Amino acid sequence: MKRITSLVAPAVLAAAAGTGGCTPDLSCEGDWCGTLVMVSAAEPPTLLPPFAQFDIHIALADQLFWRLADVGPDAISWGHESFVPKLAQEWEFSDDSLTIVFRLNRAARWHDGTPVTARDVTFTFDVYRDTVINALPRSRLDRIASVTERDSTAVAFRFSERYPEQFFDAVYHMRILPRHLLDTIPRAALRTHPAARNPVGSGPFRLRRWDTGESIELIADSAFFAGSPGVRRLLWRFSSDVPTMVTQLAAGEVDVLYPVTGLENIDRIKREPDLRTLDVESNAYAYVGFNFWDPADLDSPHPLFADRELRRAITMAVDRAAIVADVMGDAGVVPVGPVTGGHWIWDDDIRQLPHDPDRARTMLAELGWSDSDADGVLDRNGQPLSFELLMTSTSVLRVRSAVFLQEQLRQVGVDLVVQALEPNAMGSRMSSRRFDSYFGSWLQDPSPISIAESWTTSGLNAGNYGAYTNTEIDELVQRARSEFDPMAAKELWKEIVGLINEDAPAIWIYGGSVTVGIHSRFENPSFPWDEWWKNLWTFRATPSQLIERDLITAR
Amino acid sequence: MARFIAGRLLQGIVVVFVVVTLTFILFRLAPGDPFTRMGQSSSASEEFKAQARRNLGLDQPLHTQYLRYITNVARGDLGMSFSEQRPVLEAIVARMPATVALAATALLIDFVLGILIGATQGARAGSKLDDLLSVMMLTLYSVPVFWLGLMFVLVFAYNVGLLDLLPATGSKTTGVYEYLTPLGQLSDRIRHLMLPAITLGLVGAAGTARYQRAAMLDVIRQDFIRTARAKGLREPTVLLRHALRNSLLPIITLFGLSFPILLSGAVLVETVFAWPGLGKFMVDAILARDYNVVTGAVIISACMVVVGNLLADILYRAVDPRVRGPA
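Taken in order, these protein sequences are the chains called A and B.
Residue numbering for the first sequence follows our numbering, beginning at 1 and increasing consecutively.
Residue numbering for the second sequence follows our numbering, beginning at 1 and increasing consecutively.
Quick look at the structure:
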């Protein structure tokens, strides 16, 4: 026993001290080297795009699977002129504009070498429309009547009606899947089939290894038809919380953290000589939404928020710019309405309620609210002007914003009771509409339809948790959706947002911009607002600044 | 002995059954399900969520779900993980090596350090060294394990030199590990294991030291120790060969109970250090309301408690004839 101990102990100590075999094979030479390491809090269940439920799922899947085409730099969803080719190299509309024929790029290949064909596209549409698969964007494909193969590289999308976002619906929601590998798998079994965790794609990277709970390693497809990716490897790590991810970035274990939340974390990254921060437009906005119906009796109007003037007064009492400055610093943007900063319908001249606490006090007094018992909280008929704000305890930005919100409302005599809940508990309360108000956020894609999904009658069964409706807005949405001229459509959408602002169904707190932490060796990184991950494949490490992991050549 | 083991195993099966039933029911009574959070930021409609629930059988009455689950468990099928889309057993087995490595190393640190300090204190009871170690152990015992972990992460994260020696997160150097030589891989694993294992082991050692001190004090006052000294044996021999060996009996029980406690501690430590084990998996599964994973992990954990206790009892009976009872 003593002999074994005397042999093992030095070996373990030597290994622990890192004295042997710690240098990997650094064989990468020339200009094309580099390893990009990402980190995020969630791990996808599969890498097949139809099963993606959250942004992070699709962010990873998009490195392996591509669309037929994508929105251009302006991310305009109207028409087709600004779209850029991906798997499809060209397209044309039929005379009646009800059919779009896509011609696939003949150089496009699956990672097993098989060409990407029209049959892959028809198969993909079939999968996305299948109720068994239940893909999240399924409802966005409702107006596509059929997808048929014209020849091996031509595929026709036939629509049930003509509308301005036909092209967007045809290309944006679906990532093309390999029919030759997936069509023999029963649809009900596809989600759990090994192919879902070890897929073959046609994008810039292919899957090399997946260490569950830890990381996914993708390697560049050197034969990628659109050109070699900027780096040879893309690693995606999974961590549990923001401090851990910030630590990993500061320690050089990861290269990009999107987003960095918390001013102290941003400051910490700014202090690191090898790191830099970028303020970029994002696809999210956060808001405090009001419930229009009484949580105690869902058939009755809410005792406070059914009153438009009260909502407006409370909204005007909130200094959103101060909140944004305090919780987000320079990166923060005050939303002009339920729309994110990079969105093509965003315009600074959209009508908004001003921050005017004096006017808010006057309006509340006119509504009969006064502080009769001098306790600092307004009351009417013996009822204090007090309401509950639901929020998730996991969001640092929301927790901090709520503190400021509470104080600002206190100054006009409104008592805000903050209730921080675990996300599932909050989701349960929201689904059952048992709340006065809630601190929520929405992710938007380039289509302004997402505004309708959250703030009009059509969203009552989806994201319109407060059940706010306005028939004038519903009618304007119908007009906007059928207006083919993008400029005219933008004016209509701006009018819609302005009307929503006037009704004050929510207070738009922050959004439109986030801070990204990134290692300085990467050149010209860009993060498009609609999908921040879509240009990762073009990131390139400066040859003179390569670090050890950049020089590893994937085997 | 065989009858004893069979009886304890039977008791164990009942314990596991009760624990699984309670977990199944209580977790489903908690607000939300795997799809509740989807509506908070994505455009998932109620129709979408209802379809997703139907696809997974979550629209069935609770007793139907329970009967189906228990029947499947009896066949060795723990179900599918909603969040990983693969069998729960496969997902758990994939994470077990990381958790076992962490728990075993922590256990080693816990008992080696705890016994050493506790025995030293017991042998020098009332001395300044005993007082000093008592204060240190009590302080350490009072420290929440996740706080200690966070402090380690912060200290090491702000000192790049230290980070090179002992990395603060993960179980290996991502993107480099696979390209190292076998010795390099071993070194990399050990370096990553150190901080989480020390965190978990230190807090455990503080508790073990308290037990060991008390056990040592009990033994050291007994007649056979006085006899050993009277026979002229050297003090180190008295302490090590007679006092320490006999004082280890209560520690065996503690050992049996420690493994599951370490697993629960690993839940926090794995989260802080992004260690890809069962504990972190459970935390993520609870947040995602991945029912099958949580219940499956509880089954594994309950089995470990049962086996740990059984092993402790068997060991105890083996080393102490007084507890064997009539044959």
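By construction, the Cβ of each residue, glycine as well, lies at the ideal position given by its N, Cα and C atoms.
This one's a predicted model, so the numbers in the text were calculated from it and none came from an experiment.
*Leaving out the 5 sequence neighbours to the left and right, which residues in its chain are closer than 7 Å to H57 (chain A) when beta-carbon positions are compared?*
Listed in chain order, the non-local C-beta contacts of H57 (chain A) below 7 Å within the same chain comprise P44, local neighbours out to five positions each way being set aside.
*Determine the chain B residues that contact I552 (chain A) at a beta-carbon separation under 8 Å, and present them in chain order.*
G175, V176, Y179
_Less than 8 Å between the beta carbons of V39 (chain A) and L310 (chain A), yes or no?_
no
*When we look at the beta-carbon of W529 (chain A) and count the other beta-carbons within 10 Å, is it buried (16 or more) or exposed?*
buried
*chain B within 8 Å of N461 (chain A), Cβ atoms only*: yes
*Residues near A69 (chain A) by beta carbon distance below 6 Å, same chain, minus five either side*: F83, P85, K86, A88, V171
*Output yes or no for whether 8 Å exceeds the beta carbon distance between V293 (chain B) and S81 (chain B).*
yes
*asked:* Please identify the residue among B:D188, B:P182, B:R3 whose C-alpha is closest to the C-alpha of T174 (chain B).
replied: B:D188
*6 Å CB neighbourhood of L416 (chain A) in its chain, flanking five on each side removed*: L389, Q406, L409
*M111 (chain B) versus chain A: which residues are under 9 Å apart at the beta carbon?*
A small correction: the amino acid at residue 111 (chain B) is Phe; Met does not occupy that position in the sequence shown. Ordered by position in chain A, no residue passes the 9 Å Cβ test against F111 (chain B), which lies about 16 Å from the chain.
*Name the DSSP bridge partner or partners of M38 (chain A)?*
A:W236, A:V256
*Is N134 (chain A) helix, strand or coil by DSSP?*
coil
*Within the same chain, show all residues whose beta-carbon is closer than 6 Å to that of W537 (chain A), passing over the 5 residues directly before and after it, in chain order.*
If we look at W537 (chain A) and ignore the five residues flanking it on each side, its Cβ neighbours are P204, P229.
*asked:* Since A578 (chain A) and S450 (chain A) should fall inside the 8 Å C-beta cutoff, what is the C-beta to C-beta distance between them, to a whole number of angstroms?
replied: Shown here, chain A extends from 1 to 555; a query on residue 578 (chain A) therefore has no answer.
*asked:* Please confirm whether G594 (chain A) has its beta-carbon closer than 8 Å to some beta-carbon of chain B.
replied: This structure gives no information on residue 594 (chain A), because the portion of chain A shown stretches from 1 to 555.
*If you draw a straight line from the C-alpha of P448 (chain A) to the C-alpha of S282 (chain A), how long is it?*
15 Å
_Nonlocal neighbours in the same chain, by C-beta distance under 6 Å from D112 (chain A), ignoring five residues either side_ = V200
*Is T244 (chain A) close to chain B, meaning its C-beta is less than 8 Å from at least one C-beta of that chain?*
yes
*Under 7 Å Cβ-Cβ, which residues of chain A neighbour M96 (chain B)?*
Ordered by position in chain A, no residue passes the 7 Å Cβ test against M96 (chain B), which lies about 11 Å from the chain.
*Quick one: grab the DSSP three-state call for V101 (chain A).*
Strand.
*Leaving out five residues on either side along the sequence, give the residues of the same chain with a beta carbon under 6 Å from the beta carbon of A2 (chain B).*
none
_Which of the three DSSP states is assigned to R124 (chain B) in this structure?_
If DSSP states are grouped into helix, strand and coil, R124 (chain B) belongs with coil.
_Within-8 Å CB hit, V37 (chain A) to chain B_ = yes
*Where does H173 (chain A) land, buried or exposed, given buried means 16+ other C-beta within 10 angstroms?*
buried
*Which residue from A:S401, A:W293, A:V246 puts its Cα closest to that of I323 (chain A)?*
A:S401
*Mind pulling the alpha helix (DSSP H) runs of 4 or more residues that sit fully within the stretch 222 to 254 of chain B?*
223 to 230
*With which residues is M80 (chain B) paired in a DSSP beta bridge?*
B:P87
*Give a yes or no on whether the minimum CB-CB distance between A251 (chain A) and chain B is below 8 Å.*
Judged by the 8 Å Cβ criterion, A251 (chain A) is in contact with chain B.
_Segment limits, beta strand (DSSP E) that includes V519 (chain A)_ = A small fix is needed here, since residue 519 (chain A) is His in this sequence, not Val. Residues 506 to 519.
*Residues of the stretch 447 to 458 of chain A whose Cβ lies closer than 7 Å to any Cβ of chain B, in chain order*: Here the close residues are S450, E453.
*asked:* So if I threshold CB-CB distances at 8 Å, which residues from the stretch 263 to 294 of chain A count as touching chain B?
replied: Close to chain B, meaning a Cβ-Cβ distance shorter than 8 Å, are the following residues of the stretch 263 to 294 of chain A: A284.
_Please tell me whether V497 (chain A) has its Cβ less than 8 Å away from any Cβ of chain B._
no
*Can you give me the start and stop residues for the beta strand (DSSP E) that E388 (chain A) sits inside?*
386 to 392
*So, is R479 (chain A) buried or exposed, given that buried needs 16 or more other C-beta atoms within 10 angstroms?*
exposed
*Cβ atoms of T99 (chain B) and G296 (chain B): under 8 Å apart, would you say?*
no
*If you run the structure through DSSP and keep just helix, strand and coil, what is W210 (chain A)?*
strand
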